[in-house]
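Under the working numbering, residues 5 to 219 are what the sequence shown spells out, in order.
Quick reminder that beta carbons are idealized off the backbone N, C-alpha and C, glycines included.
Since the model is a prediction, treat every value here as computed from it, not as a measurement.
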Amino acid sequence: MKLLSKKSEHENPRDNPFEPSTRCRGKGLESRDCGKLREETRKLGHNYGAGGLIGRISLDLLFTDERCVIIRDIKPKTPHHFLAVSKAHINKPTDLTAADIPLLIDMEKTGREYLRAELKAKGQADTVEDMLRVGFHWPPLVTVNHLHMHIIYPISELGFFSRHLTFRPGKVFRPTSEVIEELRKDANIPDPLRVQENPAKDDEPEALPAHAVAN
Numbered sequence: 005m006k007l008l009s010k011k012s013e014h015e016n017p018r019d020n021p022f023e024p025s026t027r028c029r030g031k032g033l034e035s036r037d038c039g040k041l042r043e044e045t046r047k048l049g050h051n052y053g054a055g056g057l058i059g060r061i062s063l064d065l066l067f068t069d070e071r072c073v074i075i076r077d078i079k080p081k082t083p084h085h086f087l088a089v090s091k092a093h094i095n096k097p098t099d100l101t102a103a104d105i106p107l108l109i110d111m112e113k114t115g116r117e118y119l120r121a122e123l124k125a126k127g128q129a130d131t132v133e134d135m136l137r138v139g140f141h142w143p144p145l146v147t148v149n150h151l152h153m154h155i156i157y158p159i160s161e162l163g164f165f166s167r168h169l170t171f172r173p174g175k176v177f178r179p180t181s182e183v184i185e186e187l188r189k190d191a192n193i194p195d196p197l198r199v200q201e202n203p204a205k206d207d208e209p210e211a212l213p214a215h216a217v218a219n
């Protein structure tokens, strides 16, 4: 994923779909691509009343796929603070159901991939998992009524208030992994990773060989 140089500004950006843009200001992305991103956010704002979220950050559009849009937070708390915004309208995280698990997985995957691309573009090391926080604000701290996931990195640079209150995992901020796990439990859906690690065994215990039975 190499950055477009000044000499190659007009090369096809689709060669690298996660190429970090320069906020759709004519560098690194062709005008038609910026237009497409803006159209995606206009649809979100007009169709779902998310204009407060989208309108404030319309110049910081970064990436779009089938299920979500990646934008930069208007008030970043760390050097890399993105929002993965669902294209499907879901009012708030407490409205999620098990049917939304694929959406949440895609939102996190897309956010992580964009973060890695931006780190690489800036010559920084790959993501350190312990320094990454991905999740949702929980009512009553939800101020925008449209589902958006925070991708925050590195958390070592969070300020005191953010570290200990607004982005501290707990009642007001829920990590995506915990949200998905709770949705699975509520719907009695097994975690596919745990199923692979613990394959089902026959109910009947395996018979011991005769020589292994003590007299």
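Secondary structure of residue i, DSSP reduced to three states
i: Phe177; result: strand
i: Ile155; result: strand
i: Thr98; result: helix
i: His150; result: coil
i: Gln128; result: coil
i: Pro1; result: In this structure the chain extends from 5 to 219, so residue 1 is not present and cannot be described.
i: Leu145; result: coil
i: Asp19; result: Annotation note: pLDDT 45 at Asp19 (below 50); position unreliable, coordinate value reported separately. In this structure, Asp19 counts as helix in the three-state DSSP scheme.
i: Gly163; result: coil
i: Pro80; result: coil
Alpha-carbon spacing of residue i relative to residue j, whole angstroms
i: Trp142; j: Lys81; result: 18 angstroms
i: Phe171; j: Leu119; result: 18 angstroms
i: Val148; j: Lys113; result: 22 angstroms
i: Asp77; j: His85; result: 6 angstroms
i: Val183; j: Gly127; result: 33 angstroms
i: Arg157; j: Gly115; result: Note that residue 157 is Tyr in the sequence shown, not Arg. Roughly 11 angstroms separates the two Cα atoms.
i: Val176; j: Ala129; result: 30 angstroms
i: Ile75; j: Val89; result: 8 angstroms
According to DSSP, residues forming a beta bridge with residue i
i: Ser90; result: Cys72
i: Phe140; result: Arg178
i: Leu65; result: Ile75
i: His85; result: Ile156
Cβ-Cβ distance between residue i and residue j below 7 angstroms
i: Thr180; j: Leu108; result: yes
i: Ile105; j: Arg137; result: no
i: Pro145; j: Ile94; result: Looking at the sequence itself, residue 145 is Leu, so the reference to Pro does not match. The answer is no: Cβ separation not under 7 angstroms.
Assumed close pair residue i, residue j - CB separation to whole angstroms, cut-off 8 angstroms
i: Lys91; j: Val73; result: 7 angstroms
i: Leu187; j: Leu87; result: In fact, because the Cβ distance is near 20 angstroms, the residues do not count as touching under 8 angstroms.
i: Asp190; j: Ala102; result: 7 angstroms
i: Gly139; j: Arg178; result: 5 angstroms
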